[in-house]
Amino acid sequence: MLPTYQEVKSTALAYLDELETLRQTIKEARKKYYYIIAMLALTIVLLIAINSPTGTIPILVLIAILFIVIFVFSMKRSKQNEAYRAAFKNNVVYPFSQKIVELYELPHETERHQNYCRYKPDYRISDRWIYGSYLFDFPIDRIDGEDYFSGRLGLTDFEFSELELVEIRRTRDMKGNTTTHHHVHFNGVLFVADFKKHFEGITVVQARALDPTKGVGKLFAPLGKLFSSTTTRKASQRIMMESEAFNNAFHVWTSNELQARYILSSNFMEHMLSFKEKYAGKVNMSFVDSNMCIALTTTKNYFDVSIHRKVTPAILEEVYDDLSLFFGLIEQFDLNTRIWSKD
Amino acid sequence: MVSGMLIGIIIVVVIALYLIIGYNRLVGLRNRINEAFANIDVYLLNRFDALTKQAEVVVSYAEHERETLMQVTRLRASVSDHQTQAEKTEIYSSMEAQLSRIHMVGESYPDLKANQNYLQLQRTITDIEDKLSASRRTYNANVTSYNTLIASIPTNLYAGLFGFTPRTLLEIEENKKADVDMKSLLRGS
């Protein structure tokens with residue numbers, strides 16, 4: 007069981023005042039720059055307006071100084087934003103995650119149970135899982151990511167991070183002009199955990215774009231079954247499960263039907279459906295090398311804060327909810343129940 | 015006239031292609047069904063072997079059950095590939111009933127629960143049970159697809175000609191559909 011927000015909030019609340027002091031210091035420092043820039047701009051405007059008897063050279067010098075000040079201010083501003091974000095991640099997100107993991111409890115724990123978590127704010131999950139999960143079947147030209155967590159909860163090893171996968175498309179027109187377009191194929195979180203059973207092959211469970219039992223989905227249900235596509239040639243066999251609700255929510259592709267049904271027991275399918283109901287975005291999953299990979303699509307930027315916004319207890323609770331969502335995946339899918347022959 | 019002939023040839027080719035694709039699909043499904051059936055056999059045997067090993071651990075604590083275990087071993091030796099599935103299922107049921115008795119005896123020995131070998135075998139058995147369930151589900155799913163295909167138009171027009179006949183689904187035995195009387199079971203009656 008994950009601890010409640012009440013049990014862990016004191017860890018982060020202690021640092022709120024310090025964070026707010028840092029934010030105010032940065033804002034005060036910026037005010038000086040705004041003042042200098044305003045004065046320079048005003049002086050330039052006045053000199054131009056009165057048709058300065060000293061000529062245009064002083065005006066040009068003042069404009070040059072103004073540009074230099076703006077440039078220096080931009081560099082400093084960027085660093086200050088980074089410093090504030092880093093302070094938030096290292097002093098709020100990290101201790102929060104540590105506390106949640108430390109207080110995580112399971113009934114009937116043995117010496118094999120361990121709870122720990124590492125956090126690297128500027129890192130992302132490795133390419134091994136981006137390509138090896140078989141969840142992203144499109145050209146990837148640029149990968150951005152942050153907020154990398156890894157560790158163990160109970161008997162389950164896990165890792166996850168935010169991820170943005172971009173395809174860069176270049177088109178050339180009749181005149182030979184090239185246009186570059188950055189297409190974001192995936193924005194969200196990739197979560198990978200050690201699955202509770204040992205299995206072979208690859209099984210991919212793709213969320214259906216439209217629920218064929220609701221609204222517009224009813225119209226296009228037959229087409230959906232015709233045009234669903236496999237995400238990889240390695241999982242090329244499409245199978246239907248026994249649960250109609252599950253088949254309405256997901257497409258299942260596999261390289262080994264027996265292994266897919268071994269993984270997707272009735273109980274497990276219920277867990278997947280229950281999670282899909284709770285999570286607002288699109289959820290795709292795959293089962294590879296005895297690991298479970300979950301791709302959660304979202305537009306939200308997790309574990310981040312703007313310098314223009316004071317960090318309040320409400321924001322802390324949001325961070326707690328986000329951490330609980332990801333750590334809670336292990337409980338959601340009952341990954342710590344290890345009654346099969348995989349250790 | 016030439017264009018008429020051409021259209022005729024195209025129609026014949028399209029029909030032939032359709033028949034070939036349909037036939038191949040039926041063959042593919044039939045092979046998957048046979049494979050799933052063979053897997054059930056394999057897992058039944060694996061389950062039995064794991065249960066026997068676990069029973070041996072129990073017998074090491076309760077020597078008086080050794081004779082029962084030997085009966086089970088003799089039954090196991092009587093299983094052969096020449097028997098029908100129904101005959102094999104009957105022998106397996108008989109063996110498992112005997113093994114269940116031995117495992118029930120094991121409940122009287124609390125030290126057994128801490129035996130690492132026993133625990134590891136328990137996990138193996140759970141694993142095999144899940145794989146057995148998966149192979150049965152695979153079998154039934156493929157039989158359903160196969161039966162649906164050979165009953166659908168226009169496949170039903172030629173399926174019988176090529177020897178594709180409906181297959182039966184695996185069903186749960188009647189005695190396993192009944193509610194389990196936990197009280198009687200725990201009292202040992």
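Here the protein sequences line up with chains A and B, keeping their order.
Everything in the first sequence is counted per my numbering, starting at 7 for the first residue and increasing by one.
Everything in the second sequence is counted per my numbering, starting at 15 for the first residue and increasing by one.
Glycine included, each C-beta is placed from N, C-alpha and C at the ideal position.
Smallest Cα separation from A165(B): which of N154(B), I34(B), F178(B), A155(B)?
Answer by Cα proximity: F178(B).
Since Y154(A) contacts S167(A) with CB under 8 Å, what's their CB separation in whole angstroms?
Sure, about 4 Å apart at Cβ, within 8 Å.
Starting from R244(A), trace the beta strand (DSSP E) in both directions and tell me its first and last residue.
If you look at R244(A), you'll find it in the beta strand (DSSP E) that goes 243-245.
Would the beta-carbon of N342(A) fall within 7 Å of that of T116(A)?
By the CB criterion at 7 Å, N342(A) and T116(A) fall outside the cutoff.
The stretch 256-276 of chain A: which residues have C-beta closer than 7 Å to a C-beta of chain B, in chain order?
So the list reads E263, L264, R267, Y268, S271, given in the order they occur along the chain.
Where S167(A) sits in the DSSP three-state scheme:
Three-state DSSP puts S167(A) in a strand.
Return the chain-ordered ranges of every beta strand (DSSP E) run that is complete within the stretch 58-128 of chain A and spans a minimum of 3 residues.
Scanning the stretch 58-128 of chain A from its first residue to its last, the whole beta strand (DSSP E) runs of 3-plus residues come out as 120-126.
When the Cα atoms are used, what is the spatial distance from V41(B) to D63(B)?
Each residue's alpha carbon lies about 33 Å from the other.
Exposure label - G174(B); buried when at least 16 CB within 10 Å
Label assigned to G174(B): exposed.
Helix, strand or coil at T140(B) [DSSP, three-state]:
The three-state reading of DSSP puts T140(B) in helix, counting H, G and I together.
Could you check the C-alpha separation between Q12(A) and L279(A) for me, to the nearest Å?
In this structure, the straight-line span from the alpha carbon of Q12(A) to that of L279(A) is close to 29 Å.
Contact list for I345(A) against chain B, beta-carbon separation under 9 Å:
Taking a Cβ-Cβ cut-off of 9 Å, the neighbours of I345(A) in chain B comprise Q136, R137, T140, D141, given in sequence order.
Beta-ladder partner(s) of Q212(A), from DSSP
For Q212(A), which the question treats as bridged, DSSP gives the partners H257(A).
Using a Cβ cut-off of 7 Å, pull out every chain A residue sitting near T152(B), in sequence order please.
Within chain A, the residues near T152(B) are E263, L264, R267.
C-alpha distance - H204(A) paired with R158(A), whole-angstrom precision
Rounded to the nearest angstrom, the two C-alpha atoms are 18 Å apart.
Which residues mark the beginning and the end of the alpha helix (DSSP H) in which D23(A) is found?
Start and end: 11-55.
How would you label E263(A), buried or exposed, when you count the other beta carbons within 10 angstroms and need 16 or more for buried?
Residue environment: E263(A) is assigned as buried (16 or more neighbouring CB atoms within 10 Å of its CB, all protein chains considered).
Hey, is K145(B)'s beta-carbon within less than 7 Å of any beta-carbon in chain A?
With 7 Å as the cut-off, K145(B) counts as an interface residue toward chain A.
Roughly how many angstroms lie between the CA atoms of R80(B) and R115(B), to the nearest whole one?
The straight-line gap separating the alpha-carbon atoms of R80(B) and R115(B) is approximately 12 Å.
Report the residues of the stretch 162-181 of chain B with a CB closer than 7 Å to any CB of chain A, ordered along the chain.
Flagged: no residues at all.
Would you say S149(B) faces chain A, with C-beta separation under 7 Å as the test?
Yes, because at least one Cβ of chain A sits closer than 7 Å to the Cβ of S149(B).
Touching or not, the stretch 279-293 of chain A and the stretch 113-132 of chain A, by the rule of three or more beta carbon pairs under 8 Å?
No contact exists between the stretch 279-293 of chain A and the stretch 113-132 of chain A.
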